[in-house]
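Numbering (the numbering used here), first residue to last: -5 to 98.
Right, dumping it as structure tokens:
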């Protein structure tokens, strides 16, 4: 998805304004994730990246993290592993996808 996409509906044209209200809500965050990932990621990592994005978008520039802080946080997040709950969600997603393919 492009940051600014005039071909999308007006309420989805600006990626930041469209996604920002969804980032703090863990249930809505799942809907933001690329379905091609097939839930194959640690959800805690996605949640922490969302929190970092929110900090980076703070209207007060003094409250935003600098790039060194962003990089440090991303390195920390990259070490997170999938939990049993993540694996269960991925398995359910893959089974549902297989079921949908058979029904087509």
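By construction, the Cβ of each residue, glycine as well, lies at the ideal position given by its N, Cα and C atoms.
Fair warning: this is a prediction, and the values are worked out from it, not measured in the lab.
Exercise for the section: Please state whether DSSP places residue 90 in a helix, a strand or coil. Expected result: Helix, per DSSP.
Handout entry: Residue closest to residue 47, alpha-carbon to alpha-carbon, out of 30, 23, 29 and 35
Key = It is 23 whose Cα lies nearest to the Cα of residue 47.
Problem - Alpha carbon of residue 29 to alpha carbon of residue 75, nearest angstrom - result: When rounded, the distance between both Cα atoms is 19 Å.
Exercise for the section: For residue 167, I'd like the list of residues in its chain whose CB is within less than 6 Å of its CB, leaving aside the five on either flank, ordered along the chain. Expected result: The requested residue 167 is not part of the displayed model; the chain covers only -5 to 98.
Problem - Residue of 96, 70 and 94 minimising C-alpha distance to residue 39 - result: Relative to residue 39, the option among 96, 70 and 94 whose CA is nearest is 70.
Practice task
With a floor of 3 residues, list each beta strand (DSSP E) that falls wholly inside the segment 20 to 90, ordered by position along the chain.
Solution key: If you keep only unbroken beta strand (DSSP E) runs of at least 3 residues inside the segment 20 to 90, you get nothing at all.
Handout entry: Best match in 21, 64, 31 and 16 for proximity to residue 49 [C-alpha to C-alpha]
Key = Among 21, 64, 31 and 16, the Cα nearest to that of residue 49 belongs to 64.
Problem - Span of the alpha helix (DSSP H), counted from its first residue to its last, around residue 9 - result: Residues 9 to 13.
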